[in-house]
Every structure is written in structure tokens, then in C-alpha cells.
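Numbering (the working numbering), first residue to last: 91 to 482.
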Amino acid sequence: MTDRRHFLTQSLGTAASLTLASKVSSEAGTKAAESVPAASAMVRETRVISSQPQFYHGWPTVARRRDGTLWVVWSGGREGHVCPFGQLVAMTSKDDGATWTRARVLHDGPLDDRDAGIVETAAGTLLATNFTSLAYEPILEKELKDAAAAAAAGKPGGRFSPEDRAIWKATRDFLTPEQRRAALGEWVLRSTDGGITWSAPIPTVVNSPHGPTVLRDGRLIYAGKQLWTPEGKIGVAESKDDGLSWQWLADIPTRPGDDATGGYHELHAVEAADGSLMTHIRKESAPQQGETLQSESHDGGRKWSEPHPIGVWGLPSHLLRLRDGRLMMTYGHRRPPFGNQARLSTDHGKTWGTPLSISADGIGGDLGYPSTVELGDGSLLTVWYEREPGLK
């Protein structure tokens, strides 16, 4: 069984503590960032905060509550990148990430629970987001077909052991096909008691890895993509009742020649200090494949600009407004040097500075999904997932 698992040591993995200092840099940046003062980043510490070699766990998000508590959530309990077993898992820290609680499963539904986000609302409610998937079913169907053909020929067959094959099949068959389709969706769980208890899943209309954004007027907006629909639209959903219900607010337009359904993914939004909103989009089709696109709104999210490149190769992006008003984007760099990078904007997202290296020692492209919080002393803590050397 170990030969088909990808074990991630740190799936929320590595935590890096950074200190930023503004400076003018002579280093050439991208065209979109040439006129922006760059910044230096000193990585004070990098360490693994969750190592579970028996599981693949990934796609984390970190959030800081107003009382200083850190929450990290991720998709855990997995056999691999695609499998039936994903769970919504969390742990917390009350000392700025120096120590962490034991990992706790917040939700384990009948389908694969993927891509965990976390945010504290204006009312102090915790919202944990994810989506459910049946992407493992074609893998299982092929495995069952190959094993049956091999058995008919009197030979061993299939990539799975008979025990693993039976577990995957039993997990699938726990629900009828109709029940499995009904359980597909984009979801949020709410906690009004600091994360002790959680609600049943609530549909959110869209999904993206790092979850919703809290605006200064108290609203929640969720920049993301509609999953399991023929259109696969991207846009923004809104909640005016502390995450209890979600409504479609606005489409984000598609550039001429682009295919949003196949090419636009994994959005995240932020409110800049000047009140404008922006969202970053993972671009997975030519042109600008592998880059981050940006769209803006100047009316509270009701209308969005056509997405445009910002000269950044890397994905997906997490956006954060720092206390001094600067914006920070953090993203995975899934080509050499494998790791995670950040950039700063001093003009509310109009331009972005040169890259800051958070990590550059990854062993491959299965890493990233970084997110960042600003700690009480102004330093920054970034969390991501990554394979650990020596694990299969």
C-alpha cells in the first residue's frame, strides 16, 4: 500500500516565520513590478508542524483570531492526492505557532473532503470551508475492471492489493449513486463557541482553497468557482448573516479567448486599504498558464474587471492586507526552485514587487498552497504543505 501513497510531512506543513523590511532593490522584477519598491524578507525559522507519514495531508489554510489564537485546517487522513478518504482536520496554537495542539478531525463525510479554508467573522464565528469530490471513482472503476480481467485470465492484476480494493469499493458503496451525487458540493461549517462544536455543512455556492474574506462592513465575500455544474462559473458569493446562508453576488468576466471552466481555478480575495477589492485566479490554460491573474472591484464586489496578468508565475495565491496597508500575496512555486514565494504591493494591488523567497528546497512540485497571517509583533507566519525527503 505504501507504493501508491504520497506522504506529506508537513502538510500544513512547514511553518515559516518571516520579518519584512522595505527597501529599494536593484534586482530586476517582472514588467508589472518594475516601478515598485521591493522588500527584503528574513526567514527566522522554518519547521514542520505536522508530520503524519501514514497519511497524505495537504492544501492548508492558517488564520489568526482576534484573541491571537492560530487555526490551521487541512485535508487529512488521505491515502493520496485523489482517494475517497479526505477529512477536514484542524489544530490550534496559542503561542504564535511555537506549539500546536493535537490534530482534530472537524468533519469526515461519506465523500472525499478536500481543500480546507478557515476565517473568523466580524461576529467572532469561525468558518471552515471545503468541498466534496468523487474524483476517485474513475480510478476505482479502472481498478475493478483490470482486476476482474486479470482474474478471468487466472493472473494477478490491478495496482491495489485485494484489501485496499475492497476498502475503496466499500467506501463508495456506503451510499447509492444518487446519494453520492447529492453529497457533492461546496460547504462551510460554523462554530460559535470558539471551535468546540461545529454545525452541519452549509452550501456556499462557490469554493476556493483558502475560503471567504471578511470585509470592513461586516459582510463575507467568497471568491471562487462553482463546482459540479456544467458552467463551472467563477465569481463571488456573499453572506450577510455571518455565514448562515450564501447568495451569488457577481460573475467575474472571462478574458476573450480564455476558457474559465477549464482554465480559471482557486481564487482568493482581499479588501485593500483604499476600499477596493481584488481577487487572484490560478490560470491553468494558455496563455499565461501557471501564472496568477487579477481582477478588481470598486463597488463592493458587485462588478469585477476583466482578469489580467500581473507578471507572477506561481499558484495559487493567498492575499493578506497587512496592518500598515500593504498587500501581500503568497503562492507556491511549482518549478525549480521548488518552494514558496511572496510579493508585496504598496499601491493597493496596482503593481507587485519582486519575489521574496520563503522556501526554495522542495523536492518536487507537489507542495505549496501557502497562506500567511500577521502576528502581534508584526512578523508573519506562513503555512504550506510539502513532501518530506525520504518518504514515498
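Note that beta-carbon positions come from the ideal geometry of N, C-alpha and C, so glycine has one too.
Check: Does DSSP classify residue 236 as helix, strand or coil?
Finding: Here residue 236 corresponds to residue number 146 of the sequence shown, with the count starting at 1. Residue state, collapsed to three classes: helix.
Check: How should residue 418 be labelled, buried or exposed, when 16 other C-beta atoms within 10 angstroms of its C-beta is the threshold for buried?
Finding: Position 328 of the sequence shown holds residue 418. Around the CB of residue 418, 16 or more other CB atoms lie within 10 Å, so the residue is classed as buried.
Next item on the list: Answer yes or no: do residue 436 and residue 462 have a C-beta to C-beta separation smaller than 8 Å?
Entry: Residue numbering aside, residue 436 sits at position 346 when the sequence shown is read from its first letter. Residue numbering aside, residue 462 sits at position 372 when the sequence shown is read from its first letter. Cβ distance not < 8 Å, so residue 436 and residue 462 don't count as in contact.
Next item on the list: Measure the Cβ-Cβ separation of residue 152 and residue 207 and say whether it is below 8 Å.
Entry: As a first step, residue 152 is located in the sequence shown; it is residue number 62 there, counting from the start. As a first step, residue 207 is located in the sequence shown; it is residue number 117 there, counting from the start. Contact: no.
Checklist line | Rounded straight-line distance, which links the Cα of residue 429 to that of residue 448 | finding: Counted from its first residue, the sequence shown places residue 448 at position 358. Counted from its first residue, the sequence shown places residue 429 at position 339. Going from the Cα of residue 448 to the Cα of residue 429 covers about 7 Å.
Check: Is residue 259 helix, strand or coil by DSSP?
Finding: Looking up residue 259 in the sequence shown gives position 169. Residue 259: helix per DSSP, three-state reduction.
Notebook entry, point to check: According to the Cβ coordinates, are residue 199 and residue 290 closer than 8 Å?
Noted result: One-based indexing of the sequence shown puts residue 199 at position 109. One-based indexing of the sequence shown puts residue 290 at position 200. The answer is no: Cβ separation not under 8 Å.
Check: At which residues does the alpha helix (DSSP H) containing residue 352 begin and terminate?
Finding: By 1-based counting over the sequence shown, the position of residue 352 is 262. Unbroken alpha helix (DSSP H) run through residue 352: 350-353.
Notebook entry, point to check: Which word fits residue 342, buried or exposed, when buried means at least 16 other C-beta atoms lie within 10 angstroms of its C-beta?
Noted result: Position 252 of the sequence shown holds residue 342. That one is buried.
Check: Among 433, 438, 443, 452, which residue has its Cα nearest to the Cα of residue 470?
Finding: Translated into positions along the sequence shown, residue 470 becomes position 380. Measuring from the Cα of residue 470, the nearest candidate turns out to be 433.
Next item on the list: State yes or no: is the C-beta of residue 392 within less than 8 Å of the C-beta of residue 340?
Entry: Here residue 392 refers to the residue found at position 302 of the sequence shown. Here residue 340 refers to the residue found at position 250 of the sequence shown. Yes; because the gap between Cβ atoms is below 8 Å, this pair is in contact.
Notebook entry, point to check: Considering only C-alpha positions, which residue in the set 357, 395, 346, 362 is nearest to residue 377?
Noted result: Mapped onto the sequence shown, residue 377 falls at position 287. Taking only the C-alpha atoms, the option nearest residue 377 is 346.
Checklist line | Assigned secondary structure, residue 271 (DSSP; H/G/I helix, E/B strand, else coil) | finding: Locating residue 271 in the sequence shown gives position 181, counting from the first residue. Helix, per DSSP.
Note to self: Using 8 Å for Cβ pairs, my map puts residue 276 next to residue 221. What's the rounded Cβ distance?
What the structure shows: Within the sequence shown, numbered from 1, the residue matching residue 276 stands at position 186. Within the sequence shown, numbered from 1, the residue matching residue 221 stands at position 131. The Cβ separation is near 5 Å, so the contact holds.
Notebook entry, point to check: Exposed or buried, what is residue 301 when buried is set at 16 or more other beta-carbons lying within 10 Å of its beta-carbon?
Noted result: Residue numbering aside, residue 301 sits at position 211 when the sequence shown is read from its first letter. Buried is the call here.
Next item on the list: Quick one: using the 10 Å Cβ neighbour count with 16 as the cut-off for buried, is residue 477 buried or exposed?
Entry: Within the sequence shown, the letter at position 387 stands for residue 477. It is buried - the Cβ of residue 477 has at least 16 other Cβ atoms within 10 Å.
Next item on the list: May I ask you to verify whether the region 398-416 touches the region 364-373, counting CB pairs closer than 8 Å and requiring at least 3?
Entry: yes
Note to self: Only counting the same chain, and skipping five residues up and downstream in sequence, which positions put a Cβ closer than 7 Å to that of residue 270?
What the structure shows: Counting from one through the sequence shown, the residue named residue 270 turns up at place 180. Excluding positions up to five away in sequence, the list reads 201, 224.
Checklist line | Assumed close pair residue 375, residue 353 - CB separation to whole angstroms, cut-off 8 Å | finding: On the sequence shown, position 285 is the one that residue 375 refers to. On the sequence shown, position 263 is the one that residue 353 refers to. About 3 Å separates the Cβ atoms of residue 375 and residue 353, confirming a contact at the 8 Å cut-off.
Next item on the list: Compare the Cα-Cα distances from residue 456 to each of 441, 474, 446, 250 and report the closest residue.
Entry: Against the sequence shown, residue 456 aligns to sequence position 366. Residue 456 has its Cα closest to that of 474, out of 441, 474, 446, 250.
Checklist line | Boundaries of the beta strand (DSSP E) in which residue 297 is found, first to last residue | finding: As a position in the sequence shown, residue 297 is number 207, starting the count at 1. No beta strand (DSSP E) contains residue 297, which DSSP labels as neither H nor E.
Check: Looking at the unbroken beta strand (DSSP E) that takes in residue 371, where does it start and where does it end?
Finding: Here residue 371 refers to the residue found at position 281 of the sequence shown. Taken as a continuous stretch (DSSP letters only), the beta strand (DSSP E) holding residue 371 covers 367-373.
Check: Which parts of the region 128-204 are runs of the alpha helix (DSSP H), unbroken and 4 residues or longer, counting only runs that do not cross its ends?
Finding: none
Checklist line | Those residues which DSSP pairs with residue 206 across a bridge | finding: On the sequence shown, residue 206 is found 116 positions in, with the first residue counted as 1. Its beta-bridge partners do not exist; DSSP assigns none.
Check: Rounded to whole angstroms, how far is the Cβ of residue 174 from the Cβ of residue 258, which I believe are closer than 8 Å?
Finding: In the sequence shown, counting from the first residue as 1, residue 174 sits at position 84. In the sequence shown, counting from the first residue as 1, residue 258 sits at position 168. With a Cβ gap of about 6 Å, residue 174 and residue 258 count as contacting.
Item checked: Whole-Å CB distance - residue 333 paired with residue 310, under 8 Å assumed -> What you label residue 333 is simply residue 243 of the sequence shown in a count that begins at 1. What you label residue 310 is simply residue 220 of the sequence shown in a count that begins at 1. A Cβ-Cβ distance of about 6 Å is found for the pair residue 333 and residue 310, placing them in contact under the 8 Å criterion.
Item checked: residue 370 versus 167, 406, 454, 180, residue with shortest Cα-Cα distance -> As a first step, residue 370 must be located in the sequence shown, where it is residue number 280. Of the listed residues, the one whose Cα sits closest to residue 370 is 406.
Item checked: Backbone CA spacing between residue 453 and residue 133 [nearest angstrom] -> Residue mapping note: residue 453 aligns to position 363 of the sequence shown, counting from 1. Residue mapping note: residue 133 aligns to position 43 of the sequence shown, counting from 1. C-alpha separation (whole angstroms): 19 Å.
Next item on the list: Could you check which residue in 450, 431, 451 has the C-alpha nearest to that of residue 444?
Entry: By 1-based counting over the sequence shown, the position of residue 444 is 354. Checked all of 450, 431, 451; the closest Cα to residue 444 is 431.
Notebook entry, point to check: How about residue 180: is its Cβ closer than 7 Å to a heavy atom in the ligand ATP?
Noted result: Because no ligand of any kind appears in the structure shown, any question about the ligand ATP cannot be addressed here.
Note to self: Comparing C-alpha positions only, which one of 304, 263, 394 sits nearest to residue 213?
What the structure shows: For the purposes of this step, residue 213 is taken as the residue at position 123 of the sequence shown. That would be 304, whose Cα lies nearest to the Cα of residue 213.
Check: For the 8 Å Cβ check, are there 3 or more pairs between the region 234-244 and the region 320-339?
Finding: no
Checklist line | Distance between residue 344 and residue 394 (C-alpha atoms, nearest Å) | finding: Indexing the sequence shown from 1 puts residue 394 at position 304. Indexing the sequence shown from 1 puts residue 344 at position 254. Using only the alpha carbons, I get a separation of about 10 Å.
Checklist line | Three-state secondary structure assigned by DSSP to residue 483 | finding: In this structure the chain extends from 91 to 482, so residue 483 is not present and cannot be described.
Margin query: So residue 281 and residue 216 are supposed to be a Cβ contact under 8 Å. How far apart are they, rounded?
Written below: The residue labelled residue 281 in the question sits at position 191 within the sequence shown. The residue labelled residue 216 in the question sits at position 126 within the sequence shown. Rounded, the Cβ-Cβ distance is 4 Å, consistent with contact.
Next item on the list: Below 8 Å on the Cβ atoms is my guess for residue 156 versus residue 210; work out the distance and round it to an integer in Å.
Entry: Along the sequence shown, read from residue 1 onward, the residue named residue 156 stands at position 66. Along the sequence shown, read from residue 1 onward, the residue named residue 210 stands at position 120. Contact holds; Cβ gap of about 7 Å.
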